[in-house]
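Here the structure is laid out as structure tokens; the discussion comes afterwards.
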Amino acid sequence: MKKIVSLITSLVLIIQMLSFSMITESVRAESYSQDLLDQFQVSPGVTYKNTKLQSSSTTQVANVLDIQLNDPFTSIEVGIPSPLNKLTTVSSSAKANSSAEHHVVGAINGSFYHTSNGLPVYMIAKDNQIYNGGMIASGRDQYVNEAIAFGILSNGQAEIDHYNVNIALEHNGTTYQADGINRGRGYDEMIIYTPSHSNGYTDTNEYGTEFIVTTDQALEGLPSFGDIYNGTVQSIRNYGDNANTPIPKNGFVLSMTGKWNEQLKHVKVGDQLQVSLNIDSKWQDSKYMLTSGPMLVKDGKPYLTIDENSSRAKEKAPRSAVAIDSSKNRVFFVTVDGRQSGYSTGMNLKEFAEYVASLGADRAINLDGGGSTTMVVREHGDQYASVANKPSDGRERAVSTSLHVVSSAPNDTPKFLELHMKEQGKIVEGASVEVVYDFVMDKYYNPLSFDSSKLSLEVTNNLGKFEGMKFIAENSGTGKIIATYEGAVKELPITVVDTIDKLTVSPDSLVVASGQTEQLNLQALDSNNDKLIYDSSLVSWSVTEAIGTISNSGLFTAAEAEGAGKITATLGKTSVSVPVTVNNKPLSLDSFDDVSKWTAETARASASIAKSSESEPRQEGSASLKLSYDFSVGEEGVAAAYVTAKQPIKVASKPLKLGLWVYGDGKSHWLRGKIIDSAGKTHTIDFTTEGGLTWTGWKYVEADIPQDVQAPIEVSKVYLAEAVEDKQDSGEIYFDKLQAVYSASYNEQLFSDVPEDNWAKTEIEYLASKGIINGYPDGNFLPYNNLTRAHAAVLLDRALNLDTSNITNPNFKDVSTDHQYYKTIAAVANAGIVKGKEDGTFDPEGTLTRGQMAAILQRAYDLAGQAAADFKDVPADHWAYKEISALAANGVTTGYEDQTFKPNNYVTRAQFSAFLYRILTK
């Protein structure tokens, strides 16, 4: 959220002549080494640079567009939304402003805007028209506390400087200075409202006076510098009147508060008023001007018009700026990414000012930063500009204004041709490789349409021949492919060889489930380990030990039976083998018994990790990993707490899923992970949906591995994230038993002591999935432990979803109001489900008999009916005869094989789970 000051000083925008500079000389806060990551000519007058800045403590990534306005085809335009409150991404705005011979080749986000309504905060003018009146803040801790703008003057040069708007009101020979036009009215302010304002109303409160003035003609369009409005006061809305004043189409409204109510109280209906709008001569007739701030650089040195000790100035954040050199014909668009640990930290304003000054800037002004920081650049061959930086939100944010670099160069004949070999490497005799067209551009870097019939391909040194775009290698040696397209030429070096020295296979080992398929990729190498391009039809594949089958293309299909063997690939006289295990069990990746292999990282949060203590939850082994997080302490945005592997865990064979045991805290956050594929690309995987970590206690979760991921993979992070500000709280969760799952039919055993053959497994896991019953912190369920009366109350409370917020104290002698289960016991007692004992106690730790259980369940679910046959040990005069018979009549129990019920036996946790399951699922 953009933090906008609440106190507005004036829209007169008079320069506060304060002779100070928060930075008077360039004192480096950080000493950076620079590594140029990318650089290219975007258009005749525009160059793009992407630079990595490395200090002893931080890494930054900066993007710069260097723009030469003295190039005849290069200009900078301002992107103003229509309507004014419309937000759009920088790339979308650039695309919408592109047309034939008017290509937006680069752009950067503009100034600040109100997130509440999308309107710009500060002044915007174009061709003298005032699109937004704007405001200037009052404190030196605010970004825009002086009237400073970037713009293009009438002479075509760029400018960054102060400006002075003069809005004058004349009445009966006396001139008054108004404070602003078409913006919100503050205290002690006089604001002019014209018909173009908002929805045609002033939208002011009752604490002011308003003169409704009509003119001789309609005031069409936006107000402009140089306008003079002569009119007659038609009516007056007096102080205290809360009516929303309409603005006449042939007039304006003069709205005032505070001192102005007194100074202009003599104005009456019928009086003549004149309003004139002017700006200082430098900015008069400028092509446009965009107010922002603070100023960063002046006279080639860092110069901040904000208190450098304020929180805004000191924050390390993504930053955006526009700068000019002393000639005013050279402009820089500058961004620095931030809030991305390990990639780019972000700069404070002092550091940012120093960096911008180091580029050769004479003056610079700060633009909206944070998640709004965006630069787009037209890549070679592309029609439109695309995002060049890495926005901190993980995606491009919709913003208000933007600045566009435009190339108006006409299309010319082809000059630059780009194509590449579909596969890179030396080519084995007899193999073929496609030549792929990329783009063709003219001398102005305009992309041109491609006609394949105009492309000519030749190869030197008799190395082979072409069939269309396919090169077929025939003779060993070195040479080049020469491509020609209407005068544009591109050369590609090639080498053809006649021997293969080495073969490698990826993945280099396999763990697969029964029936699973896995693609093996064979690579041929020469003696220098350089890649060779070969004809795949010449590869021979074989499989041992009947572990599966493999196709001619290297697609392995595992057998149904588990086993081990190997796959062998042979090409010419060279062979390579891969060990294979067919196993339906998961592969353990980490038990979290040792957490020293992990570290905590954060985004807009604080977090720490620790090995669980003996008294804390663990699912298996000797310990679990405890993640403590606090999402309430960071900057605004998505908060995340990462458990990061110091060395990513390598998984040679691609699994279907990653499985993980999580002891949740029920706070509905988002559990995710990050993996790295064989190409080094990072993928985000989801263990839950957004807001899906809703449980308390242990639960097993799985994350699907994307289909396009190629093995081997590396597991780098597991993390908790929260995007919703109201849910950014603190808590603790535990991780245990991270594993790779290869079988689609694999089911993780929910509790360590409830194996597949346990008679009540289905019933226990059903209740656990509904959150009715939990296991213990050590991962066990203890199915044969006797159920206590308190735990029975808890289970029924959860199953029936009883209201524990409005209860009556049943006054059990042994259940005080601070008892752990007081509310639950009171709720079930209030519902008449579980009663106390004759001595006035509840006996929460006492065990429950099967007869008592029958009575409780019959009352809880109002079960009726009588069994066809009685149990041998439950005669008609038994105290629980009716209740036990009702359970049998409803199929909840069948008793034991000897036709007994054993009413006096204690109820185990497994038995109660089975009875409750049958009631809930009948």
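Okay, so the sequence shown: first residue is 67 according to my numbering, each after it adds one.
Heads up, the beta-carbon is just placed ideally off N, CA and C, and yes, glycines get one too.
Item, Value
"What are the boundary residues of the beta strand (DSSP E) that His168 is part of?", "Per DSSP, His168 belongs to no beta strand (DSSP E) and is neither H nor E."
"Check each candidate in Asp227, Gly725, Tyr259 and Glu584 and name the one with the smallest Cα separation from Tyr295.", "Tyr259"
"State the Cα-Cα distance for the pair Thr755 and Ser603, rounded to the nearest angstrom.", "44 Å"
"So, using beta-carbon positions, are Pro360 and Tyr229 closer together than 8 Å?", "no"
"Using DSSP bridges, identify the partner residues of Val341.", "Leu235 and Tyr295"
"I believe Arg249 touches Glu276 by the beta-carbon criterion, under 8 Å. Please report the beta-carbon distance rounded to the nearest angstrom.", "That pair is no contact at about 15 Å."
"Rounded to the nearest angstrom, what separates Ala430 and Thr357 at their Cα positions?", "12 Å"
"May I ask which residues mark the beginning and end of the beta strand (DSSP E) holding Ala549?", "Gly543 to Tyr551"
"Starting from Leu576, trace the beta strand (DSSP E) both ways and give me its first and last residue.", "Leu576 to Val578"
"Could you name the residues of the same chain whose beta carbon sits closer than 6 Å to that of Pro573, not counting the 5 residues immediately before and after it, in chain order?", "Ala718, Ser719, Ala777 and Pro778"
"Taking only runs of the beta strand (DSSP E) that begin and end inside the stretch 733 to 803, which ones reach a length of at least 3 residues, in chain order?", "736 to 742, 748 to 752, 762 to 770 and 779 to 788"
"List, from N- to C-terminal side, the beta strand (DSSP E) runs of 3 residues or more that fit wholly inside the stretch 370 to 443.", "385 to 390, 396 to 402, 429 to 433 and 441 to 443"
"Do Leu853 and Thr974 have their CB atoms nearer than 8 Å?", "yes"
"So, at 6 Å on beta carbons, what are the nonlocal neighbours of Met413 in its own chain, with the 5 sequence-adjacent residues on each side left out?", "Arg385 and Val402"
"Ala859 by DSSP, collapsed to three states: which one?", "helix"
"Out of curiosity, what's the CA-to-CA distance linking Lys68 and Arg463?", "Unreliable placement is indicated for Lys68, whose pLDDT of 27 sits below 50; no coordinate value is reported for it."
"Could you give the distance in angstroms between the alpha-carbon of Val494 and the alpha-carbon of Arg670?", "53 Å"
"Would the stretch 466 to 475 and the stretch 171 to 184 be scored as touching if the rule is three or more Cβ pairs under 8 Å?", "yes"
"To which residues does DSSP link Thr311 through a beta bridge?", "According to DSSP, which records beta bridges pairwise, Thr311 is partnered with nothing at all."
"Would you decide whether Glu212 is buried or exposed? Buried here means 16 or more other CB atoms lie within 10 Å of its CB.", "buried"
"Just the C-alpha distance for Ser1000 and Ala234, rounded to the nearest angstrom, thanks.", "In the structure as shown, the chain begins at 67 and stops at 988. Residue 1000 is therefore absent and cannot be evaluated."
"Can you tell me whether Tyr354 is helix, strand or coil according to DSSP?", "strand"
"Which first and last residues belong to the beta strand (DSSP E) in which Met919 is found?", "First-last for Met919: Arg916 to Tyr927, but that is the alpha helix (DSSP H), not the beta strand (DSSP E)."
"Exposed or buried, Glu255, counting other C-beta atoms within 10 Å across all chains shown (16 or more means buried)?", "buried"
"Which whole-angstrom value describes the C-beta separation of Pro910 and Ala865, a residue pair presumed to lie in contact below a C-beta threshold of 8 Å?", "With 8 Å as the limit, Pro910 and Ala865 do not qualify as a contact, their Cβ atoms being about 18 Å apart."
"Among the residues of its own chain, which have a CB less than 8 Å from the CB of Lys520, if the five just before and after it don't count?", "Tyr551 and Glu552"
"Can you check whether the CB of Ala673 is closer than 8 Å to the CB of Leu653?", "no"
"Drop a sphere of 10 angstroms on the beta-carbon of Tyr273, count the other beta-carbons inside from all chains shown, and report buried for 16 or more, exposed for fewer.", "exposed"
"Please give me, in chain order, every unbroken run of the beta strand (DSSP E) with length at least 3 that falls completely inside the stretch 247 to 279.", "256 to 259"
"Can you give me the Cβ contacts of Asn824 inside the same chain, cut-off strictly under 7 Å, excluding the 5 residues immediately before and after it?", "Pro849"
"Spell out a yes or no on whether the stretch 581 to 589 and the stretch 559 to 572 are touching, meaning 3 or more CB-CB pairs, one atom from each, closer than 8 Å.", "yes"
"Grab me the residues of Asn129's own chain with a C-beta within less than 7 Å of its C-beta, minus the 5 sequence neighbours each way, in chain order.", "Asn116, Thr401, Met441, Ala454 and Asn455"
"What would DSSP say about Phe537, mapped onto helix, strand or coil?", "strand"
"For Asn846 and Asn840, what's the separation of their Cα atoms in angstroms?", "9 Å"
"Would you give the residue range spanned by the beta strand (DSSP E) that Glu557 belongs to?", "Ala554 to Val563"
"List the whole-angstrom C-beta distance separating Ala920 from Ala946, where the pair is believed to meet the contact cut-off of C-beta under 8 Å.", "5 Å"
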